[in-house]
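What follows is a single structure, written as structure tokens, with notes after it.
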Amino acid sequence: MSFTEKVHALYQKFNLGHLNNSNDETIATELIQHSKELRNEQTQCNFLHDALRLYEDHYGLNHLEVAEISSYLGLVHTHLGNYYESKELLENALIVFDVNADVDEIKPVETLVRLGITHVLLGKSEQAVEILAKALPIIDKYFTPDDIKVAEILFDLGVALGDLGNNEKQVELLEKALPVIQKKYGDENFELATKLAALAAGYMYLKNEIKAQELVDRALPIIQKHYDSKNFEVGEPFANLGVVYGALGEKELEIELLEKALHCFQTQYGEEHVKVAITLTNLAFAYGAKGDRNKEKDLHEKALRINETVYGSDHNEVAKSLLNLGKVYGVLEEYDKMKNLLEQALPILECTHSSETLELCEAMIWLASSYRDKNDRRTEKELLQCAMPMLIKYYGRKHIVVAEAMADLGFAIGTLGDYNKQSEFLTKALPVIEEHYGSRNAAVEVIREALKPLNKDVPRQPIWKEFCLLISQRRKHCQAKI
């Protein structure tokens with residue numbers, strides 16, 4: 250049986266149409282396009298694995314056609330949540346591209362971006378930044394106002410940078426790519442609407458609520474039209490739109506859209522998939538913002554179980570779920586459960602992240618509060634001291650989050666007898682807290698009372714207890730998406 254006959258047999262096995270091109274040297278691109286007709290991504294994955302074996306047997310491992318299929322198959326595995334399989338396929342493709350001098354430079358850069366995204370999803374942020382930094386100048390070199398392929402690669406790169414926290418660069422790249430995409434698809438196209446939803450999320454992170462509102466209001470009617478057509482690709486834009494609308498204060502619409510996204514992901518991928526876990530987590534935050542803490546807890550527990558199944562017990566996504574669930578138990582005043590969950594999360598975050606991340610910092614702050622509730626002020630102090638440099642790095646010294654943690658630290662130090670150090674921290678924290686809440690705020694009054702000249706006959710404990718109660722109540726109310 251010839252190679253072409255084998256490929257035709259593969260098409261028949263998966264009930265695909267006939268190939269339009271019988272030329273062996275150009276058949277891979279057409280094969281990848283036809284694989285998209287398989288609406289179920291697991292079936293598409295199986296088809297491409299069979300195709301990859303055929304191509305490897307026919308051409309050998311170092312052929313460009315093999316690399317092209319391997320790269321696209323890596324992307325499909327990313328969609329399925331199989332990140333380690335994706336990483337291996339993408340790295341193999343890059344090796345082949347590197348040894349072929351006549352390769353079109355866009356194909357390896359597209360693979361680089363896919364690999365960078367996979368590293369983001371694996372929680373390997375430093376490697377992701379390094380990979381994406383290699384891709385950007387090449388994309389800039391080839392970008393033109395008419396090249397839709399390069400524009401879509403640029404857009405994907407921008408989204409990845411947003412996931413890494415570089416939202417200014419995210420918006421810059423997405424805005425650069427969007428006119429090309431809009432020109433290709435038109436104003437009412439589903440593909441354009443998905444891009445608008447992603448761009449809206451970027452603007453939301455930059456606190457540009459007007460622009461975010463404009464974009465989601467454009468995107469939502471287009472996405473809604475596709476919901477009843479069994480087009481499960483609406484899951485991703487529904488999820489993005491839900492989070493943005495929630496940040497804009499439209500909590501009921503947020504829950505409605507996230508519930509629709511959850512249904513799409515569960516139908517498309519099954520109950521135990523990373524996208525299901527992410528959507529459950531965002532739904533949990535939405536219900537928590539409405540005050541339904543028990544519903545929030547149940548959803549975080551489901552997300553935790555999925556992440557443990559998908560990633561294993563020592564992955565940073567599991568640590569984030571432990572952190573989220575621990576915070577809810579703290580809000581529910583089940584402090585022993587909170588402490589247990591946070592103590593599980595902390596060493597995972599320390600091992601799987603770089604030494605300074607907001608997740609690690611947040612875990613330390615909440616764990617510190619659990620030790621305060623146990624009256625272990627020394628451990629509370631040590632945790633807050635570890636967290637402070639990270640908080641200052643991410644927020645700056647004049648941010649309310651930094652000021653509150655500094656006041657917490659001051660009171661912890663004071664209860665251990667160092668009132669001079671307590672006074673130093675409270676003096677730094679007071680102006681920021683007063684500016685944020687106003688001069689008549691209860692927390693401001695507690696700090697002012699603590700800063701009065703020390704009278705040894707006056708018990709100090711009620712002061713810090715009152716302040717810590719006020720701050721813990723604020724944190725319960727303001728708990729938000731990570």
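Residue numbers (the working numbering): 250 to 731.
Note that beta-carbon positions come from the ideal geometry of N, C-alpha and C, so glycine has one too.
Asked: Out of Ile380, Asp395, Val399, state which residue places its alpha-carbon closest to the alpha-carbon of Asp389.; Found: Val399
Asked: Apply the 10 Å Cβ neighbour rule to Leu310 and answer buried if 16 or more other Cβ atoms are within range, or exposed otherwise.; Found: exposed
Asked: Among the residues of its own chain, which have a CB less than 6 Å from the CB of Leu371, if the five just before and after it don't count?; Found: Tyr332
Asked: Once DSSP output is grouped into helix, strand and coil, what is the label at Pro394?; Found: coil
Asked: Nearest-angstrom Cα distance between Tyr293 and Leu609?; Found: In the sequence as displayed, the identity of residue 293 is Gln instead of Tyr. Whole-angstrom Cα-Cα distance: 38 Å.
Asked: Less than 6 Å between C-beta atoms, sequence neighbours within five positions excluded: which residues of the same chain meet that for Gln376?; Found: His368
Asked: Hey, out of Val567, Ile459, Thr278, whose CA is closest to Leu301's CA?; Found: Thr278
Asked: Taking the alpha helix (DSSP H) that Gly666 falls in, what are its first and last residues?; Found: Element bounds for Gly666: n/a, residue is neither H nor E.
Asked: Can you find a heavy atom of the ligand PLP that lies under 7 Å from the Cβ of Ile662?; Found: No copy of the ligand PLP occurs in the structure displayed, which carries no ligand at all.
Asked: Roughly how many whole angstroms lie between the Cα atoms of Asn531 and Gly495?; Found: 10 Å
Asked: Does the Cβ-Cβ distance between Leu361 and Leu343 come in under 8 Å?; Found: yes
Asked: Helix, strand or coil for His283, going by three-state DSSP, please let me know.; Found: helix
Asked: Where do the N-terminal and C-terminal ends of the alpha helix (DSSP H) with Met453 fall, by residue?; Found: 439-454
Asked: Please report the straight-line C-alpha distance between Asp585 and Lys285, rounded to a whole angstrom.; Found: 50 Å
Asked: Quick check for students: name the residue ranges of the alpha helix (DSSP H) that lie wholly in the segment 559-636, counting only runs of 4 or more.; Found: 565-580, 584-601, 607-622
Asked: Could you give the DSSP three-state label for Glu499: helix, strand or coil?; Found: coil
Asked: Compare the C-alpha of Phe674 against each of Leu413, Phe439, Gln634 and name the closest.; Found: Gln634
Asked: Compare the Cα-Cα distances from Leu595 to each of Glu611, Gln431, Lys425 and report the closest residue.; Found: Glu611
Asked: Starting from the C-beta of His549, find all residues in its chain whose C-beta is less than 8 Å away, skip the five residues before and the five after it, and write them out in chain order.; Found: Leu529, Thr530, Ala533, Ser570, Asn573, Leu574, Val577
Asked: Work out the CA separation of Ser618 and Ser374 for me, nearest whole Å.; Found: 28 Å
Asked: How long is the line joining the alpha carbons of Glu684 and Asp563, rounded to whole angstroms?; Found: 41 Å
Asked: Could you give the DSSP three-state label for Val352: helix, strand or coil?; Found: coil
Asked: Just the C-alpha distance for Ile682 and Val693, rounded to the nearest angstrom, thanks.; Found: 7 Å
Asked: Distance check for Val651 and Lys418, CA to CA, integer angstroms please.; Found: 25 Å
Asked: So, is Val348 buried or exposed, given that buried needs 16 or more other C-beta atoms within 10 angstroms?; Found: exposed
Asked: Compare the Cα-Cα distances from Ser335 to each of Lys356, Pro357, Ile366 and report the closest residue.; Found: Ile366
Asked: Taking the alpha-carbon of Leu497 as reference, which of Lys509, Lys460, Thr606 has the nearest alpha-carbon?; Found: Lys460
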